[in-house]
Structures are given as C-alpha cells and as structure tokens.
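Quick note: the sequence shown uses the working numbering, first residue 871, plus one each step. Ideal placement from N, C-alpha and C gives every residue a C-beta, glycine not left out.
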Amino acid sequence: MSVNNKIIWSEGMFLRPQHFQQQDRYIENYIEGRTGLLSAYNWGFSDIQIDGEALSQGKVSIASMRGVLPDGTPFNAPDMDPLPDIIDIPENTSNELVYLCLPLKRPGTQESIREDEESSRARFLAYNFDIHNNTTESGETSRIQVGRLKTCLKLGSQDLSGYSTLAITRVIEAPAEKPLKIDRQFIPAMTNCLASSVFVAFFEELKGLLKQRGEALGHRLADSGRSGSAEIADYMLLQLINRVEPLIQHLSTLNVLHPVHFYNELVQIAGELSTFTQSSKRPPALPMYSHKDLQHTFGGIYTVLRQALSMVLEQSAISLQLVERKFGIHVAPITDRSLMTSGVFVMAVKADMPTEVLRTRFPTQAKIAPVETIRELISTQLPGLALRPLPVAPRQIPYHAGYTYFEIQQGTELWGAMTRSGGFAVHLGAEFPGLSMELWAIRS
C-alpha cells in the first residue's frame, strides 16, 4: 500500500482531514508521474538573486528565488513563500557550498507547524489568510490557514540528510575582516541558463568570437578571389561559423533556455570545430553533462570553444607578388622569414606556346636567385636555383587552365644564401610571348 494511492470517494462517508491530505498526495504524485518523463533535469533555479549587502557582512542571504527542488516541489520567494533566514558563515570557511534546503516528505511526520512552534523537519509554516468568496456578489471573507514553504540555508559540511537541496553559491573564503569571497563563476542548477550572469557573459563572448572569426575568413576569401582546393577548408569553416552565429544569436534572445539544450548545441559546435583546429582532427574529451555541476560541465566546453575560435589563422598558400625591375629582372620581397625554413616555393607560368615546350624551356632559361646575387649570376652565367616541373598544380594553390607549375629546389648552397636574402629575383634568358608568372609559398 502506498501513501500516494488514489482515494475512493463514496456517498455518506465521514470526511476527515486525512481524506484531503491523501487526495493532495495522490494529485501531486499523479502530476509528477505524468510530467516527470516529459523532460530531463526539470529541477533547479529559474531565477535567483543573492543579497550582495549580506556578503559584505560575512553572511549569505537570498533576495529572491524561483524554481523547483529536486523532489519536485516548486518555490517562489518572496512572492508566495518566505525567504530562508540569513546564514552566518563561520570564519575560516573555505571552498564550501551553501545549500537551499527543504525537509523531504516522510510518511507519519508532521508537515506543517505554526509560526510559534518549533520543528526542524516541518515542510510548511501555517499562516492565517483572509480570502474572499469569488462566487457571490457580496464577496464575504473567511479566514483559512495556508502553508508556505519552510526553507533554510545550510553549509555543505552540515548534516543534509532528509533534505531536498539546491546549491546556491560557493564560499571561497570567509576572512575575519569580512566580506565573504564567493565564486563568481559558480553556476547553480538552473532550468533557465539565461537567468545566470555567467551564461549571459559567455553568450556575449561567444557571439563576439564567432563574428570576429567569420569576418576574418570572409575578408580572406573575398580578397583572394580564389576558389581552388586550397580554400576548401576555409570555406567549410566559414560555412560552419555562418550556421552557428545566427543560432547562438537566436538562443541568446529566448526567454527560457534549459542548460541541457544549450549543452546539446555547444558539444556539436565543439566537435565540428575540432575538424579544423585539432591536429588529430578528432574532438577532445569533453565533460559529460551534470545538472548538479554546471560550472564544470560548461567550463570545459567554454575552454575548447575559446581555444578553437581564438587560434591564429594561417594561410597555407601565400602569393608573393613579382614586380618587374630593370634589365628584365622580376623581384618578390619576402616579409615572413618563417617561410624560408618551413615552406615550399612554386612558380606558376603561362605563355603563348605549347605546354610541353614551356615545361622544357622555362627551367633552362629562368634564373632564380637571391636579389643580392642575381646580377653576379647573370654576368658569370652561373645557374640559379633549379626548377622541377610538377605534373599537377599543388592542392594548396588554385588551378588555372594553361598554367604550368614548377617547384623551386632547395638544399643547395645557393638556397642557404636564399634563406638569408630579402627576396627572390627571377631573370629570363629568352623571350616567352604572352608570359605570365606567379610565385607561391606553401607552408609545410
């Protein structure tokens, strides 16, 4: 037999308070049974405000609160229920949680008491309340007793057995000179994460990071004017950011957003970003969702997203502009010295002649050397850096019909001088009608 079974009403029965109490228990259990399975984690604060003035005096006090306790009891203070009494935090308390507590229902125990009575396990305080009869024109009043929740605040080091509890804050330190130092990043169990200043701050940060990264990628792709395979990763990353940015903007404007729904979106974003930001191309280990520990749950994802969206974007292929100078010499300055030790250099050449002829003639007629020594090599007719024809365009740079690609060979004594040079110099010993040249640096 259960204390939550349905009561059987029959004509002529002698009504006692227990009948109505049993009816209350049945209805409450029925509602919990029907609604409890509709959504997970349907308990927590929907709003909570901690009194800042009390903190300065070494105390913890709640200014207002609304939500549902883990046992399914809704609360709303001070509108419907009294606020719990202020709790004094003992000196030298450190790294300890403060809990909102309400005694659990227990068969055979007294659930309500009057204000002048004392009971640490009563769930309700009985109050006299004058209420109008709203079915008559006169609206006569009658005094009835109503119960308001008898909540209290306790430290995690105290005995919490027999209570339904919700952590409200973490005391980092309670110095003798006051005020209390609390963890400003602590997130209590919430049913609406938009009621938490920590979540709101992260929303703003995330929107800013997404906008900044999206604009950087958009400008890069628009300025390059390229659509080769080299840009496929940037296009895919921009597509991801363009999808996520409006989504985060939308979520931040909702009136209610459950943390588990926000978590569902963030883990997907973190997983997709890992394709572009992790060396393994796989998502890192992310914390599992814990409704009781939202600070740890979201702290790990925040870190991953910040790192992914704050990484410096480096172009895999960089165009080095060739500028024509005197005596048919073309010069390409080098501004990024790291390219000389970690890059591959490719010449893309097009001319009004058969491709096979260009592939054969260009390496023998082109002299590539440091700008400081090009004139000496020309006058002494010494060879420059060797060119190796490539069968296809490297995947990092765009393919253009009619172009032939040559890799500049490294590893020679002349290349050693090239690594210390201010730029490349190219001189052609023969005429190539309709010549067009491009020089590319590809990061290894």
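At which residues does the beta strand (DSSP E) containing residue i begin and terminate?
i	result
Q1119	Where Q1119 is concerned, there is no enclosing beta strand (DSSP E), although the alpha helix (DSSP H) it sits in stretches over I1102 to S1122.
E1277	T1274 to I1278
I918	G914 to I920
S982	S982 to R984
A947	P944 to A947
P1259	L1257 to L1260
M935	I932 to V938
Given a threshold of 16 other Cβ atoms within 10 Å of its Cβ, counted over all protein chains shown, does residue i qualify as buried or as exposed?
i	result
I826	Here the chain comprises residues numbered 871 to 1314, so residue 826 is not present and cannot be evaluated.
V1227	exposed
T1039	buried
S1291	buried
M935	buried
H1297	buried
E1194	exposed
F1276	buried
T1225	exposed
D1222	exposed
A1103	exposed
E988	exposed
T1250	exposed
A1300	exposed
V873	exposed
P1303	exposed
I1238	buried
H1268	Reading the sequence as shown, one finds Pro at residue 1268 and not His. Buried, since its Cβ has 16 or more Cβ neighbours within 10 Å.
L1080	buried
Y900	exposed
P1058	buried
If you measure between the beta carbons of residue i and residue j, is that distance less than 7 Å?
i	j	result
R991	P973	yes
G1293	V1219	no
G914	G937	yes
I1244	A1295	yes
C1022	P940	no
Q919	A910	no
T1035	Y969	yes
G942	E902	yes
I1171	A1140	yes
P1253	R1229	no
L1309	L1192	yes
S1186	R1313	yes
L995	R1018	yes
D917	A1065	yes
C1063	F1069	yes
A1318	Q1279	Since the first residue of the chain shown is 871 and the last is 1314, residue 1318 is not available in this structure.
Q892	I878	no
I897	G928	no
T1145	P1157	no
L925	L1025	no
M1106	T1147	no
T1282	M1210	no
What residues are listed by DSSP as bridge partners for residue i?
i	result
K1024	Y969
K1051	E1043
S1306	K1220
R1013	D1000
R1018	L995
V1201	V1193 and A1295
S964	E1043
I1312	A1187 and V1214
I1139	None, per the DSSP bridge assignment.
P1240	F1294
I957	V930
Y1033	P973
M827	Because the chain is modelled from 871 through 1314, residue 827 falls outside the range shown and cannot be assessed.
Between which two residues does the alpha helix (DSSP H) carrying residue i extend?
i	result
F1232	T1225 to Q1235
H1297	Counting along the chain, H1297 falls outside any alpha helix (DSSP H), though it belongs to the beta strand (DSSP E) covering G1293 to L1298.
H889	P887 to T905
W1285	E1283 to M1288
V1174	L1164 to S1180
Could you tell me whether the Cβ of residue i comes closer than 7 Å to any Cβ of chain D?
i	result
L1076	Of the protein chains in the structure, only one exists, and it is not chain D.
Shorter than 6 Å, the distance from the beta carbon of residue i to the closest heavy atom of the ligand GDP, or not?
i	result
S872	No copy of the ligand GDP appears in this structure; indeed no ligand is present at all.
Touch test, the segment 1209-1218 against the segment 1166-1186, Cβ-Cβ under 8 Å, three pairs minimum
Output reads no: the segment 1166-1186 does not touch the segment 1209-1218.
Would you call the segment 960-972 and the segment 1037-1055 in contact, with 3 or more CB pairs under 8 Å?
yes
Does the structure place the segment 1191-1202 close enough to the segment 1262-1281 that three or more beta carbon pairs sit under 8 Å?
Taking 8 Å as the limit for Cβ pairs, the verdict is that the segment 1191-1202 does not touch the segment 1262-1281.
Three-pair Cβ contact test at 8 Å for the segment 932-950 versus the segment 994-1013
no
Spell out a yes or no on whether the segment 1082-1092 and the segment 1110-1120 are touching, meaning 3 or more CB-CB pairs, one atom from each, closer than 8 Å.
yes
Per the contact definition of three or more C-beta pairs closer than 8 Å, is the segment 1130-1142 in contact with the segment 875-890?
no
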